Structure formats: structure tokens, C-alpha cells
Amino acid sequence: MKRTGYLYDERFLLHDTGPDHPESPKRLKAIHQGIKDAGFLSKLTIFQASRADLKWVETVHEKNYIERFEAACRSGNPIFDYPDNRICAESYETALLAVGGILDAANRVLMGKLDNVFCAVRPPGHHAEYDQAMGFCYFNNAAIAARYLQVEWGIQRIGIVDFDVHHGNGTQHIFEEDPDVFYYSIHQHPTFAFPGTGRAFETGSGKGTGTTRNYPVLPGHGDKEYHGLIQRDLIPVLEAFSPDVIIVSAGFDAHVDDDMSDIKLSTQGYTRIMEKILALADLYSNGRVISVLEGGYCLKRLPELGANHVKSLLGI
Amino acid sequence: MFISKVMTRNVVTIDKDDDISQAQEKMSKHLIRHLPVVDENNLLIGIVTDRDIRSALPSSHFIEENGPEEWKRFSTCKIKDIMTKDPVTISPQDTIQDALILLFKKHFGALPVVVEQQKLIGIITVRDLLREFINVLGLEEPGTLMGIIVENKIGQMKKIVDAISEENISFGSILVSRYWDEGRRAVFPYLLTQNIGPLKIKIKKMGFTLLDPMEW
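Top to bottom, those sequences are chains A and B.
For the first sequence, position 209 (counting from the first letter as 1) is numbered 279 according to the numbering used here, and the numbering increases by one without interruption.
For the second sequence, position 25 (counting from the first letter as 1) is numbered 278 according to the numbering used here, and the numbering increases by one without interruption.
If you want it as C-alpha cells, here you go:
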């Protein structure tokens, strides 16, 4: 059994998106309940979040954007940048806690105290751009973690695997020109899904040409197609890059019962994806995996998806 | 939308007494395929295209066999000898729809934009139209495309637009395919949101059919 960390903090529930918003605190409660009911809490190193130092957020986001976000939350305005992005007075602090928790998780893995970690955070991050909130995301958690690993830990090569059903436009754009961060995303084809980016011809730019890879999946496809492309493409591509650490942008909205997409992954399909990524990490990254929650909105399925995710990380 | 709003204003032009190699240089430097030919008063007298140049030059195989001096011999040909004189033009007061139909019908890639006495003020190319197409589709804004089948009768679109507006969702664009099936149209709203789950349910409850994305 691996030494797996679990970042969970009830303060992540304070980011209130109002009634009927899919990115609700209930998502996190469902995941936590699933992990608890499966009896995994005693096997995990559970820790709470501490507020991030702003200097790390600034490695990814424009200072003015961070200030705009803080001001918007203070103002009482329920919307930030796009109507999708519902905020409350606590959203800014919650987002800072999520980042802080993830950086703490990274420290624990890099210090060797943990093998891997699941960061069950809200709000999610992968749509957040340098200077713009998008798709329920404010601070790009995974991107800030990658920058932190580079700057604080001097990690050379970082792989980000994003299996949220939506393309992580923010993460891609932030590392587009960085040859040391490989962004690999599998998502529903952008003609049929938000946000409309992540086409196969987007492969990075400048020095980073070739270290961005997008694999759009057509509506209606599921386990078979995902596993085919993982075998055929993701594994050889990441083997060639050989990341020192893998960050997973874990979105569970490609599940067949999640109405956010037309992708039909099964619960077992999700487990198999994670197992493949973990096997890669064992071979090339010393097992170091930092998994960060992105989307996933089916409250009925999130408990089992969360529990299985943690089970895979534990290797049991 | 008027041509004056969409056209490229800083036109790269060429002189009729310049030679082919100068035209080639300009095209590759600016990544373009059309050079309007103007006189000293910036009056349009012709147009030279990438294809005009290629057909005036010997093939690269021929040059390989016969030496680069062969290429020099041809590349010093004058523009005035290969250009199309009095090309088809368009006015800044014409519309983007005019350009679309004209370029399509004539198999052209570009139209010089002129005002009275053939004074060149711009050029409109297929690329300008592509850019506007991306613009009207709203593709550069984050959103989700929906496909809805409706009966071909008055008032259907209003119901859909009302339903979407009630959900407080902004439109990036809305396309209608008029002849989808017999008597039915397909409506494609591009919505500036990630969250279309509740809307999908609502549209279905209203009696509309959502189009299977794989049937688009």
C-alpha cells in the first residue's frame, strides 16, 4: 500500500455558488462521503489546507486579475467575468486555501513523506487563464502547483494529465511555450463541448512546440476509445517525455451519468485510466503523483468515483 | 457588414516594372498570394497572383538539371508581362455578402478594393472572410454548441430563444440549417456557458428534439 495523502478541508465548502449551480459544495461532500464509506480514511494521511502565499499565485496569474477577483468577492457581486462564474464573499479566501493546500501536498510528496496525494479542492482551476476566470475556475490550481515545483523544488520536467471532460484551456495557455511542462489533455471534442479549445492541432508554440497534446474524443465515445488512446498515445508520449512528477487534473464529468458531456466513461473506465497513469508514474516519476480535483457533477456517481480514485492511489 | 470594415487597408502592392523575384520576395515576406499592381498615383492597373508567378517560372526540376542561371533568366521577367490587367474589383460600400458570392462564383482568392478612378484603398481575401466567419460563429469565446430540431413553422425560434434567455444564458451565435430533413430545421445556438444541462432538460420538456451530436 502506498502512502497516499488526502487534502480535504470543510472550508472548501464555503465557496457558495448559489442554488442550482452544478459546481456546488455538494460535489465535495459526495466525494468525501464516498471515501469515508469505503473505509479509506484510516488508510490516508488526511490534512487540511493553509492559505497560499500570494507570490505563488502570481507565478501564474496577473496581479491585477488577482486583485479584481478579491474585489469582486468583497463587493457582493455574485458573478465574476462570466455569468458561469458564481462567487460569494468567501470565494477568494477559499480559492487561496485550495492553492495553499495543494502546495502543501506538493511539499509532502517532494519531501518523500507521501508517495502521492489527492487534493479534493474547490473551486476547480483548469479553465482559469492568466488574467481571466472561466468555467467555474478562478485560480489555476494545477498550473500554480507546476510552477511551484519548478521554482521551489527545481523540478525539471513536469507532466500534467488532464482527463476532465472539458479542455483545460487555462493550463494549456499558461504552459504553451514551456518545453519543461507537458500538458496532455483528453476531452470531448471542442466542437461539441465547452470551452471550444483543445483541438488536435494545438500542440504548443515557440520553445514549447510539441509539449502540448490534445486528444479530442467524439460524443458518445467512452471506455473503449479512452483506453485505446491511452495505450496508443498517452503512454508512449509521456514515456518519451519522462516527467519527474505527474500532476493529474482529475475531472469526473466524462462519466456516462454526468450530464455535462456526451462522453460515456464508466466508473471502471475511470479506474483504469487512473491505474495507467499511476503505472507510468511508477516507471518514470518515482511514483510521484499530485492529483487535483477539477470537474465532475453527478452527485450520484461522485462518491464511488472519489473512492475508486483514492483506492487506485493507495494501490489496494 | 461593409467591405470597408473587413478589408485589409495596408495593402502590399507592386510596380508593373518590378520583376518576378521581387514579387516572390514580397509574397513570402508577408505570407500573401495576391499583389495588386499600381501606378505612381496608386491607381490599380492589374493584379499578380502566386499562380501567375509559378506558371511564369520554370519548374524546380528543370532548374536542378539546367542550373540556377535558368531561373535568373525567367525571374527577371517584368510584372506587367504576367499580371492580369483590369482585375475584378469591389467597392468599400459593397458588403461582405457581395464578396462572399463573388469570390465563390469567380473562383478568386482576393478582390482589390477601389474607389473612383480605380484608386486602391484595400484588399479583401478569403482569409478576411474566414476571420469574420470565426467571429460571427463566436468561436473565440468559451461556450457550448447545442443542436435542436424544430418543425418548419413560424414561432419555433422564438420559443427556443426565450427558453435560453430565461436561463440567463448569453448567445455567442445562432445558426439555422434550413433544410435538415423534410419539413424540419436544425437550430444551433452557441451558448456562452459551460452549464447547459438544465437547459437541455427544459428544451426536451418543451417538446423539441435534441440532435444527437454525432448526427451533426
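Note that beta-carbon positions come from the ideal geometry of N, C-alpha and C, so glycine has one too.
These numbers were taken from a predicted model, which means no experiment stands behind them.
Using CA atoms only, rank isn't needed, just tell me which of the options is closest to residue i.
i	options	result
residue 81 of chain A	A/171, A/110, A/253, A/285	A/171
residue 316 of chain A	A/225, A/122, A/166	A/225
residue 266 of chain A	A/185, A/117, A/339, A/204	A/204
residue 250 of chain A	A/237, A/132, A/279, A/330	A/279
residue 382 of chain A	A/247, A/329, A/186	A/186
residue 216 of chain A	A/164, A/138, A/319, A/289	A/319
residue 298 of chain B	B/380, B/371, B/456	B/371
residue 415 of chain B	B/442, B/432, B/446	B/442
residue 235 of chain A	A/243, A/71, A/196	A/196
residue 300 of chain B	B/387, B/439, B/463, B/340	B/340
residue 273 of chain B	B/334, B/427, B/342	B/334
residue 74 of chain A	A/176, A/136, A/247	A/176
residue 352 of chain B	B/330, B/379, B/323, B/332	B/379
residue 220 of chain A	A/331, A/110, A/202, A/313	A/313
residue 275 of chain A	A/188, A/349, A/242, A/343	A/242
residue 359 of chain A	A/345, A/145, A/365, A/371	A/345
residue 305 of chain B	B/337, B/451, B/406	B/337
residue 402 of chain B	B/452, B/427, B/434, B/287	B/434
residue 128 of chain A	A/248, A/218, A/281	A/218
residue 426 of chain B	B/411, B/315, B/389, B/407	B/389
residue 449 of chain A	A/100, A/141, A/184	Nothing can be reported for residue 449 of chain A: it is not among the residues displayed for chain A, which extend from 71 to 386.
residue 156 of chain A	A/101, A/104, A/89, A/110	A/89
residue 191 of chain A	A/352, A/95, A/327	A/95
residue 407 of chain B	B/448, B/258, B/458, B/431	B/431
Would you tell me roughly how many angstroms separate the C-alpha atoms of residue i and residue j, rounded to the nearest one?
i	j	result
residue 360 of chain B	residue 303 of chain B	14 angstroms
residue 369 of chain A	residue 207 of chain A	19 angstroms
residue 469 of chain B	residue 429 of chain B	12 angstroms
residue 108 of chain A	residue 375 of chain A	11 angstroms
residue 86 of chain A	residue 354 of chain B	52 angstroms
residue 245 of chain A	residue 76 of chain A	26 angstroms
residue 147 of chain A	residue 200 of chain A	21 angstroms
residue 180 of chain A	residue 362 of chain A	16 angstroms
residue 119 of chain A	residue 98 of chain A	15 angstroms
residue 367 of chain B	residue 346 of chain B	10 angstroms
residue 335 of chain A	residue 291 of chain A	8 angstroms
residue 71 of chain A	residue 422 of chain B	47 angstroms
residue 130 of chain A	residue 214 of chain A	6 angstroms
residue 256 of chain B	residue 330 of chain A	40 angstroms
residue 389 of chain A	residue 260 of chain B	Only positions 71 to 386 of chain A appear in the structure, and residue 389 of chain A is not among them; the question remains open.
residue 227 of chain A	residue 314 of chain B	46 angstroms
Can you pull the chain B neighbours of residue i, defined as C-beta to C-beta under 9 angstroms?
i	result
residue 261 of chain A	398, 466, 469
residue 236 of chain A	447
residue 327 of chain A	Within chain B, no residue comes near residue 327 of chain A; the closest Cβ sits about 12 angstroms away, beyond 9 angstroms.
What are the residues that DSSP puts in a beta bridge with residue i?
i	result
residue 258 of chain A	A/287
residue 207 of chain A	A/204
residue 189 of chain A	A/77, A/362
residue 437 of chain B	B/404, B/434
residue 319 of chain A	A/232, A/362
residue 199 of chain A	A/202
residue 272 of chain B	B/331
residue 292 of chain A	A/334
residue 378 of chain B	B/363
residue 152 of chain A	A/150
residue 463 of chain B	B/401
residue 287 of chain B	B/302
residue 372 of chain B	B/296, B/368
residue 267 of chain B	B/290
residue 314 of chain B	DSSP, once it has assigned bridges, lists no residue as partnering residue 314 of chain B.
residue 325 of chain A	A/335
Going along chain A in order, which residues have a C-beta closer than 9 angstroms to the C-beta of residue i?
i	result
residue 423 of chain B	152, 153
residue 445 of chain B	152, 153, 154
residue 395 of chain B	152, 154, 197, 204, 205, 239, 264, 265, 266, 267
Note down, in chain order, every chain A residue with its Cβ under 7 angstroms from the Cβ of residue i.
i	result
residue 448 of chain B	92, 154
Can you pull the chain A neighbours of residue i, defined as C-beta to C-beta under 8 angstroms?
i	result
residue 392 of chain B	266
residue 451 of chain B	90
Along chain B, in chain order, which residues have C-beta atoms closer than 7 angstroms to that of residue i?
i	result
residue 299 of chain A	Those do not exist, as residue 299 of chain A stays about 18 angstroms from chain B at its closest Cβ, beyond 7 angstroms.
Taking residue i as the query, report the chain B residues whose CB atoms sit under 8 angstroms from its CB, ordered along the chain.
i	result
residue 332 of chain A	466
residue 232 of chain A	Per Cβ cutoff of 8 angstroms: no residues; residue 232 of chain A is ~15 angstroms from chain B at best.
> When you check each C-beta in the stretch 190-212 of chain A against every C-beta of chain B, which residues fall closer than 8 angstroms?
Replying inline: 197, 204, 205, 206
> Any residues in the stretch 284-296 of chain A with a beta carbon nearer than 7 angstroms to a beta carbon of chain B? Which ones, in chain order?
Replying inline: 288, 289, 290
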